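Sequential numbering from 5 applies to the sequence shown in our numbering.
Just so it is clear, CB atoms sit at the ideal spot from N, CA and C, and this is done for glycine as well.
Computed from a prediction, not measured in an experiment: that's the story for all the values here.
Scroll down for the structure; my scribbles are underneath it.
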Amino acid sequence: MACLKTAASDKNESDINSTLSVTADITLGSKVGITAYYRYNEILCEVRISGKLSGVNFTAWTGYLLGTLPEKCRPKYYAYVKLESNYYMQISPNGEVRIISSVNITGASATLSGQTLYFL
């Protein structure tokens with residue numbers, strides 16, 4: 005039996021597709037060789053970082069602010085994404101996206117990338 009489409013079902017599909025369409029990557033900011041990007045739709049937000057650290061110093065659980073997400077893209081809770089060994093991406097409820105380390109590091113050199121996706 006074939007599936008029949010109606011004008012109403014076409015409109016519903018169009019409404020769903022417009023809600024689920026995602027923005028192009030938007031550059032959030034860059035610091036210490038790492039760049040943050042984000043994209044979103046009405047339901048989800050994805051944040052990605054990538055780049056290379058070279059000769060960067062970290063104090064444990066502090067780091068560098070890469071940028072701040074617009075209010076409509078901010079998570080309700082803190083998000084931490086483990087990147088490599090001691091490095092994390094941190095996203096706070098106020099929208100700040102940071103690269104942090106869990107230990108003190110002097111002259112850090114590493115290639116880092118990671119992403120997270122969360123409901124808005």
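Q. From Leu48, Tyr68 and Val107, pick the residue whose C-alpha is nearest to that of Arg78; which is it?
A. In terms of Cα proximity to Arg78, the closest of Leu48, Tyr68 and Val107 is Leu48.
**Q.** Glu88 vs Ala114 beta-carbon contact at 7 angstroms
**A.** Closer than 7 angstroms, so yes.
**Q.** Beta-ladder partner(s) of Gly55, from DSSP
**A.** In DSSP, Gly55 forms a bridge with Ile38 and Leu116.
**Q.** Buried versus exposed, by CB contacts within 10 Å (16 or more), Ala40
**A.** Buried, because 16 or more other Cβ atoms sit within 10 Å of the Cβ of Ala40.
(Q) Only counting the same chain, and skipping five residues up and downstream in sequence, which positions put a Cβ closer than 7 angstroms to that of Ser58? (A) Take Ser58, set aside five residues on each side of it, and the residues of its chain with a beta-carbon closer than 7 angstroms to its own are Gly37 and Ser113, in chain order.
Q: Return yes when the Cβ of Leu70 is within less than 7 angstroms of the Cβ of Tyr91, no when it is not.
A: No, they are not a contact pair.
Q | Rounded separation between Tyr84 and Ile103 - CA only | A | Spanning the two alpha carbons is a distance of roughly 10 angstroms.
Q) Assuming Asn108 contacts Thr63 under a Cβ cut-off of 8 angstroms, what Cβ separation, rounded to an integer in Å, is found between them? A) Asn108 to Thr63, Cβ: 6 angstroms. Contact.
Q: Go to Val101, then tell me how far its beta strand (DSSP E) extends in each direction, as first and last residue.
A: From DSSP, the beta strand (DSSP E) with Val101 extends over Glu100 to Ser105.
Q | Local Cβ density within 10 Å of Ser105, reported as buried at 16 or more and exposed below that | A | Its Cβ being crowded by 16 or more others within 10 Å, Ser105 is buried.
Q: Quick one: residues in its chain with C-beta nearer than 8 angstroms to the C-beta of Ile53, no 5 flanking neighbours on either side, listed in chain order?
A: In its chain, beyond the 5 residues on either side, Ile38, Thr39, Ala40, Tyr41, Leu70, Leu87, Met93, Val101, Ile103, Leu116, Ser117, Gly118 and Gln119 have a beta carbon closer than 8 angstroms to the beta carbon of Ile53.
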